[in-house]
Structures are given as structure tokens and as C-alpha cells.
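Just add 18 to the spot in the sequence shown (first one is 1) and you have my numbering.
C-beta atoms are modelled at their ideal positions from N, C-alpha and C, and glycine is treated no differently.
No experiment lies behind these values; they were computed from the predicted model shown.
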Amino acid sequence: MSDNDNPFPNTEFKAHKFTKSDMSGTKFNGVNLTDSHFWAVLKNAQFKDCNMESAIFNDVNLSGSAYENINLSNTVFNNINLSGVSFSALNMSNVEISDANLTGMKINGVLVTDLFDAYEKNS
19 MSDNDNPFPN TEFKAHKFTK SDMSGTKFNG VNLTDSHFWA VLKNAQFKDC NMESAIFNDV
79 NLSGSAYENI NLSNTVFNNI NLSGVSFSAL NMSNVEISDA NLTGMKINGV LVTDLFDAYE
139 KNS
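Now the structure itself:
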């Protein structure tokens with residue numbers, strides 16, 4: 019990728035606020051988004067080689083978005099649409115998920131709803 023392809027010539031967006039924005043299809047490549055806040059549409063956005071530590075995503079559409087080599091440590095997601103998103107090679111230690119619609123969600127090829135059913139039967 020040439021420098022002309024990067025929509026963000028300044029790759030420092032620490033503590034930046036992205037509010038009421040339609041950023042569908044935006045490519046964040048090599049961007050530091052530490053402590054940034056998102057209230058936006060990021061449908062089909064791409065995040066590659068980004069530091070998103072302690073970012074806050076609130077009421078955000080991330081459907082169809084893609085992630086490669088991303089730091090999401092201590093990031094907060096509230097009221098998020100992640101439909102159609104695929105994650106791989108993850109460190110999900112100490113992750114908490116609550117009040118989530120898990121229909122069709124798979125972990126290592128196994129439906130999460132089946133995992134919960136098996137857990138309930140063995141409890």
C-alpha cells in the first residue's frame with residue numbers, strides 16, 4: 019500500500035472522538051486509536067495494524083468489518099452490531115460478554131448456543 023492509499027496521513031488519533039459519522043468502508047491502516055471514542059457507522063470498515071487499546075465503541079454498527087493485527091486491550095463495546103464479522107487468532111483472556119444475541123455465533127466451529135445447552139445439562 020502506498021502512502022497515497024492511506025486515508026489518514028496523520029496516524030495519531032489518540033483520544034479522538036468520532037461522533038455521528040458514517041465511516042462505512044473506511045480503512046484504518048497503522049492508526050493509533052488509543053482511548054478514542056466511536057459513535058459512528060463503521061460498516062465494512064477495515065482495521066489493520068491498529069492500536070485500539072482502551073477505545074470505547076458506543077452505539078456503533080461494525081457489521082462486516084475486518085480486523086488484522088489489532089490491540090483491543092481494555093476496549094469497551096456497548097450496543098454494537100457485529101453481524102457478519104469474523105475474528106481469528108484472538109487473545110480473549112478476561113473478556114466479558116453480557117446481554118448478547120448469540121444466534122449463529124460459533125467458536126472453533128461449534129455453535130455457542132450448543133455450548134450453553136451442554137453446560138446447562140451438566141450443571
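Bridge-paired residues (DSSP) for residue i
i, result
"serine 39", "Ala58"
"tyrosine 85", "Phe65"
Pick from the options that is closest to residue i, judged by C-alpha positions
i, options, result
"serine 72", "Leu51, Phe65, Ala84", "Leu51"
"phenylalanine 153", "Lys66, Asn62, Asp40", "Here the chain has residues from 19 to 141 only, and residue 153 is not among them."
"glycine 48", "Ala58, Lys38, Ser54, Cys68", "Cys68"
"isoleucine 98", "Phe134, Tyr137, Asn79", "Asn79"
"isoleucine 115", "Val59, Val94, Lys66", "Val94"
"isoleucine 74", "Thr37, Ser141, Lys66, Ala136", "Thr37"
Residue i, DSSP secondary structure in three states
i, result
"phenylalanine 75", "strand"
"phenylalanine 105", "coil"
"lysine 32", "coil"
"asparagine 126", "coil"
"asparagine 112", "coil"
"asparagine 50", "strand"
Range of the contiguous beta strand (DSSP E) that encloses residue i
i, result
"valine 130", "Note, valine 130: premise wrong, no beta strand (DSSP E); alpha helix (DSSP H) at 130 to 140."
"isoleucine 98", "94 to 99"
"asparagine 47", "45 to 47"
Any non-hydrogen atom of the ligand GTP within 6 Å of residue i CB
i, result
"asparagine 92", "The ligand GTP is absent from the structure shown, which contains no ligand whatsoever."
Assess, as a yes-or-no matter, whether the segment 126 to 133 is touched by the segment 103 to 115 under the definition of 3 or more beta carbon pairs within less than 8 Å. no
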